[in-house]
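**Q** Dumping the structure here so I can ask a few things about it.
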Ligand SMILES: *Cc1c(COP(=O)(O)O)cnc(C)c1O
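Numbering (my numbering), first residue to last: 273 to 747.
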């Protein structure tokens with residue numbers, strides 16, 4: 273497809289202005305400040321409309337097809353969420369207009385926080401963090417502030433070997449050294465390894481629950497106990513909360529801090545870099561460290577409470593990505609007590625896929641899974657790789673699963689169907705996965721040369737990352 277710069281014709285304009293009806297003044301703008309060449313596309317209004325309409329159809333989204341991207345919870349985003357966030361009272365509000373004129377907005381945030389507390393068991397939440405990774409950073413900063421107050425010098429944090437890359441990154445950004453704890457054969461955290469590594473200079477552990485293999489660690493309470501015995505804190509990476517939402521509460525299992533990705537579990541659109549929202553919840557003893565302000569209520573109404581003794585400060589301008597908060601709140605209120613079915617059906621859908629695919633594909637951790645599961649590339653014939661399979665899926669109109677993560681599974685294919693997909697879609701996916709495996713045996717070039725049916729063919733991902741060429745230049 274041509275770029276907009278390559279369309280149109282010299283001198284073509286999108287607007288026509290009436291003749292100048294005032295005296296034209298020469299040299300009104302100093303010559304040095306005048307732009308010599310604008311380099312804008314010379315196109316008509318219709319050229320522009322057609323170009324961007326066409327472009328919009330090249331995109332792949334949850335609204336256009338199945339999107340089993342593991343750990344990302346690409347569920348359907350109900351359109352009523354959008355309607356609510358576009359209400360004038362929300363969309364046109366200004367963060368500086370003051371508490372008195374922002375009562376509705378503050379109430380929504382207050383109520384959302386209460387709902388998150390109820391669902392997770394934590395005492396309070398900050399709604400400021402703008403994403404999961406940002407929530408992790410907030411949580412690790414709270415951990416640091418907690419030990420600073422106790423005047424304990426703890427320099428290390430434990431992470432699971434199955435953890436998301438953002439976990440070690442958040443630790444290192446805060447000046448902690450990370451130590452990896454192994455997973456055992458069943459995909460749980462290795463308790464012996466944890467005991468050995470949980471020493472006095474360790475501030476705590478970051479654990480994804482359910483973990484990135486899509487498994488609920490049956491030793492979760494025991495794990496928290498081991499860390500607590502050494503007075504450490506346990507951080508819950510809550511990106512996978514979709515499996516347990518409305519069913520179990522991480523705070524009751526022993527976690528001290530947790531982030532929730534509203535854009536995953538609570539159905540706000542995501543991908544392409546945001547905006548997202550990653551609220552952070554803590555137990556009672558850690559509330560004093562939360563980012564200020566919190567939203568509280570007194571006799572006069574809702575207000576911004578900056579009175580937090582040991583607050584780590586502000587994590588974001590104003591009060592977080594408010595539009596995302598409205599969407600998540602709408603989703604929670606819309607489902608009400610049926611929120612529990614989200615967890616149940618996401619787990620059901622994932623197990624349905626796992627059971628049907630493991631007949632042909634290798635499922636290294638062969639247990640009942642939560643909302644996702646991870647296949648390996650073992651048994652792929654003809655040097656076909658996970659990447660080839662992922663690319664071939666695009667030819668059949670599916671988004672690829674998450675691949676090569678978690679790192680502890682060779683050629684990992686991480687599949688998360690979510691609860692919003694129908695049985696027909698799941699059956700179609702199973703059929704296509706099996707068909708691709710047959711192609712791999714008989715016509716491997718079909719996978720090696722995939723994708724063929726997409727607007728662009730296979731990209732050189734390494735070159736794109738190392739030598740990005742993002743700007744069009746006139747020849
Ligand atoms: C998505 C994800 C994150 C990071 O969340 P963002 O909102 O993308 O910053 C962290 N951990 C896990 C397990 C995730 O799936």
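All C-beta atoms, glycine included, are put in the ideal place defined by N, C-alpha and C.
Given the structure is predicted, the values throughout are model-derived calculations rather than measurements.
Tell me the rounded alpha-carbon separation between residue 712 and residue 408.
**A** Distance between the alpha carbons of residue 712 and residue 408: 40 Å.
**Q** Going by DSSP in three states, residue 479 sits in which element: helix, strand or coil?
**A** Reduced to three states, the DSSP call for residue 479 is strand.
**Q** In the DSSP assignment, the alpha helix (DSSP H) including residue 386 goes from what residue to what residue?
**A** Counting along the chain, the alpha helix (DSSP H) containing residue 386 begins and ends at 375-392.
**Q** Taking Cβ positions, are residue 430 and residue 412 nearer each other than 8 Å?
**A** The answer is no: Cβ separation not under 8 Å.
**Q** Would residue 585 be called buried (16 or more neighbouring beta carbons within 10 Å of its own) or exposed?
**A** Residue 585 is exposed by the Cβ-count criterion.
**Q** Could you say if the stretch 589-608 and the stretch 540-552 meet the contact criterion of at least three C-beta pairs nearer than 8 Å?
**A** Touching, per the Cβ criterion.
**Q** Report yes if the CB atom of residue 510 is closer than 8 Å to the CB atom of residue 645, and no otherwise.
**A** No.
**Q** Give the residues whose C-beta lies closer than 7 Å to at least one heavy atom of ligand 1, in chain order.
**A** The answer, residue by residue, is 343, 344, 403, 404, 405, 406, 408, 436, 438, 439, 480, 484, 509, 511, 512, 533, 535, 536, 548, 550.
**Q** DSSP three-state label for residue 569, please.
**A** Three-state result, residue 569: strand.
**Q** Is the Cβ-Cβ distance between residue 695 and residue 632 less than 8 Å?
**A** No; because the gap between Cβ atoms is not below 8 Å, this pair is not in contact.
**Q** For the beta strand (DSSP E) holding residue 507, just list the boundary residues, first then last.
**A** Element bounds for residue 507: 505-509.
**Q** How long is the line joining the alpha carbons of residue 405 and residue 439, rounded to whole angstroms?
**A** Answer to the nearest angstrom: the Cα atoms are 8 Å apart.
**Q** What do you get for residue 300, buried or exposed, if any count of 16 or more other CB atoms within 10 angstroms of its CB means buried?
**A** Exposed, because fewer than 16 other Cβ atoms sit within 10 Å of the Cβ of residue 300.
**Q** Do three or more CB pairs link the stretch 517-532 to the stretch 326-340 at distances below 8 Å?
**A** They do not touch, by the three-pair rule.
**Q** Going by C-alpha distance, which of 654, 418, 687, 658 is nearest residue 556?
**A** Answer by Cα proximity: 418.
**Q** From residue 363 to residue 679, what distance separates their C-alpha atoms?
**A** Whole-angstrom Cα-Cα distance: 41 Å.
**Q** Take every Cβ of the stretch 596-610, pair it with every Cβ of the stretch 304-320, and state whether three or more of those distances are shorter than 8 Å.
**A** These segments do not touch.
**Q** Report the option in 479, 564, 598 whose CA atom is closest to the CA atom of residue 526.
**A** The option with the nearest alpha carbon to residue 526 is 479.
**Q** For residue 410, which of helix, strand or coil comes out of DSSP?
**A** Residue 410 falls in the helix class under three-state DSSP.
**Q** Does the stretch 715-728 come within contact of the stretch 654-670, defined as at least 3 CB pairs closer than 8 Å?
**A** Yes, since at least three Cβ pairs between the stretch 715-728 and the stretch 654-670 fall closer than 8 Å, the two stretches touch.
**Q** Going by DSSP, which residues form a beta bridge with residue 659?
**A** Its beta-bridge partners do not exist; DSSP assigns none.
**Q** Three-state secondary structure (DSSP) at residue 449?
**A** The answer is strand: DSSP assigns residue 449 an E or B state.
**Q** Is residue 492 helix, strand or coil by DSSP?
**A** Of the three classes helix, strand and coil, the one that applies to residue 492 here is helix, per DSSP.
**Q** Note down, one range per segment and in chain order, each beta strand (DSSP E) of at least 3 residues found wholly within the stretch 623-705.
**A** Listed in chain order, the complete beta strand (DSSP E) runs (minimum 3 residues) inside the stretch 623-705 are 645-647, 685-687.
**Q** Is the beta carbon of residue 659 less than 8 Å from the beta carbon of residue 675?
**A** It is a contact, given that the beta carbons lie within the stated cut-off.
**Q** For residue 575, which residues does DSSP report across the bridge?
**A** Bridge partners of residue 575: 568.
**Q** So which of 641, 619, 414, 683 has the shortest CA-CA distance to residue 661?
**A** The shortest C-alpha separation from residue 661 is found at 683.
**Q** Would you list the one or two residues that DSSP bridges to residue 396?
**A** For residue 396, which the question treats as bridged, DSSP gives the partners 554.
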